[in-house]
Amino acid sequence: MKQIRSIFEFYVHSSMHVGLAVVSLFAVTSFQFEIALDPLLYFCGFAATVLGYNTIKYNWVRKGKYLFLPTRYPILVWSLIIFLCLVFWFLSWPQKGVFLAISMMGFFYAYPFQKGKVNLRNQRKIKIYWVAVVWALFTVCFPIVDQTVDLIFAISVFAHRFVFILCATLPFEIRDLKTDAVELRTWPQRFGVLKTKILGTVGILLSVFFSLAAQWQPIEITLCVHSFLWFGLLRASSSQNAYYSSFWMEGIPILWLLLSWLIKH
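Okay, so the sequence shown: first residue is 0 according to numbering that gives the first Met the number 0, each after it adds one.
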């Protein structure tokens with residue numbers, strides 16, 4: 000049991016779970032646009048996510064200086080860096096451009112623009128919106144950038160993904176209520192936990208409306224995925240289980256993919 004627990008903890012803490020969530024959203028995007036994605040994109044998405052999250056989580060500040068590489072899981076990090084360099088070579092030029100732009104957004108989320116300044120992660124009120132934009136860009140725009148798709152449809156999928164990720168981030172904001180600096184002015188800090196859940200519920204309803212109006216997936220998938228998201232938001236608390244958000248909430252995109260695959264096949 001201890002060995003299984005150790006493997007599970009490594010899987011979650013090394014951000015492999017969130018990497019799988021991103022890959023799942025890549026696949027959901029392919030279902031929504033009815034296109035086939037190059038397998039390299041999935042590998043690239045997984046590696047970039049795991050590397051990025053490890054860098055953000057473990058870039059401890061030492062003596063007032065930001066470390067550019069995490070001190071935890073060094074073998075994993077360096078392996079992913081080498082792998083990404085190899086995969087990047089085979090991406091198309093549009094994919095390379097979007098990937099680099101999103102990478103820069105992720106970089107400045109963790110590291111400040113100027114020496115002595117705070118990074119975007121610690122800017123007042125901006126954290127949740129930046130995360131939602133980056134996730135929406137990476138899981139919608141990056142996979143389809145060199146595909147021929149309807150622009151209006153693509154914008155609607157992007158808007159839906161932004162709102163969905165925004166709502167999915169709220170349980171994490173509630174979890175971090177006791178540890179986040181007051182200056183961050185997160186939603187739970189500004190509005191309180193109850194109002195945050197109410198606003199999140201409104202956002203989830205808006206996300207459902209987007210999905211039903213666009214008719215890009217069966218109604219059963221829309222209702223099931225958003226019901227899980229809503230239930231997870233309602234149960235979120237500042238004293239939640241250690242893996243409530245980092246495993247169960249981050250697992251919702253995986254559920255979304257499984258439902259999409261089952262119905263399609």
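In this text, a Cβ means the ideal position worked out from N, Cα and C, and glycines have one as well.
Under 9 Å between C-beta atoms of residue i and residue j
{"i": "residue 24", "j": "residue 186", "result": "no"}
{"i": "residue 203", "j": "residue 228", "result": "yes"}
{"i": "residue 156", "j": "residue 32", "result": "yes"}
{"i": "residue 41", "j": "residue 22", "result": "yes"}
{"i": "residue 108", "j": "residue 55", "result": "yes"}
{"i": "residue 256", "j": "residue 26", "result": "yes"}
{"i": "residue 224", "j": "residue 198", "result": "no"}
{"i": "residue 86", "j": "residue 39", "result": "yes"}
{"i": "residue 152", "j": "residue 88", "result": "no"}
Start and end residues, alpha helix (DSSP H) containing residue i
{"i": "residue 248", "result": "Careful: residue 248 lies outside any alpha helix (DSSP H) and carries neither H nor E."}
{"i": "residue 135", "result": "126-135"}
{"i": "residue 184", "result": "Taken as a continuous stretch (DSSP letters only), residue 184 belongs to no alpha helix (DSSP H), as it is neither H nor E."}
{"i": "residue 153", "result": "150-174"}
{"i": "residue 28", "result": "15-32"}
{"i": "residue 228", "result": "218-234"}
{"i": "residue 1", "result": "1-12"}
Among the options, nearest to residue i - alpha-carbon criterion
{"i": "residue 101", "options": "128, 21, 132 and 210", "result": "132"}
{"i": "residue 232", "options": "241, 191, 212 and 171", "result": "171"}
{"i": "residue 238", "options": "161, 90 and 173", "result": "173"}
{"i": "residue 140", "options": "128, 126, 124 and 159", "result": "159"}
{"i": "residue 103", "options": "137, 82 and 127", "result": "137"}
{"i": "residue 261", "options": "217, 195, 125 and 52", "result": "217"}
{"i": "residue 182", "options": "15, 252 and 124", "result": "124"}
{"i": "residue 127", "options": "88, 17 and 167", "result": "167"}
{"i": "residue 248", "options": "8, 9, 20 and 3", "result": "20"}
{"i": "residue 253", "options": "3, 5 and 16", "result": "16"}
{"i": "residue 165", "options": "189, 130 and 151", "result": "130"}
{"i": "residue 295", "options": "161, 263, 240 and 190", "result": "Only positions 0 to 264 of the chain appear in this structure, which leaves residue 295 out of reach."}
{"i": "residue 43", "options": "0, 95 and 53", "result": "95"}
{"i": "residue 234", "options": "150, 192, 90 and 84", "result": "192"}
{"i": "residue 148", "options": "30, 161 and 82", "result": "30"}
{"i": "residue 200", "options": "215, 180 and 230", "result": "230"}
{"i": "residue 210", "options": "99, 91 and 154", "result": "154"}
{"i": "residue 178", "options": "3, 212, 161 and 236", "result": "236"}
Cut-off 7 Å between Cβ atoms - residues of its own chain near residue i, not counting five sequence neighbours on either side
{"i": "residue 61", "result": "Since pLDDT at residue 61 reaches only 43, below the 50 mark, its modelled position is unreliable, and the value read off the structure follows with that caveat. Once the five neighbours on either side are set aside, residue 61 has no close Cβ partner at all."}
{"i": "residue 79", "result": "46, 49 and 50"}
{"i": "residue 242", "result": "11"}
{"i": "residue 163", "result": "206"}
{"i": "residue 246", "result": "11 and 16"}
Proximal residues to residue i (C-beta, below 6 Å), its chain only, five neighbours per side dropped
{"i": "residue 34", "result": "146"}
{"i": "residue 52", "result": "14 and 17"}
{"i": "residue 64", "result": "Confidence in residue 64 is poor, its pLDDT being 49 and thus under 50, which makes the residue's placement unreliable; the coordinate value appears in the next sentence. Same-chain partners within the cutoff: there are none."}
{"i": "residue 244", "result": "170, 171 and 174"}
{"i": "residue 265", "result": "In the structure displayed, the chain extends from 0 to 264; residue 265 sits before or after that span and is not available."}
{"i": "residue 36", "result": "29 and 142"}
CB contact check: residue i to chain C, cutoff 9 Å
{"i": "residue 147", "result": "The structure shown has no chain C; it contains just one protein chain."}
Residues near residue i by beta carbon distance below 8 Å, same chain, minus five either side
{"i": "residue 195", "result": "169, 172, 173, 186 and 187"}
{"i": "residue 83", "result": "43, 46, 47 and 50"}
{"i": "residue 93", "result": "144 and 145"}
{"i": "residue 6", "result": "none"}
Distance cut-off 8 Å: residue i Cβ against heavy atoms of the ligand HEM
{"i": "residue 204", "result": "The model depicted lacks the ligand HEM and carries no ligand whatsoever."}
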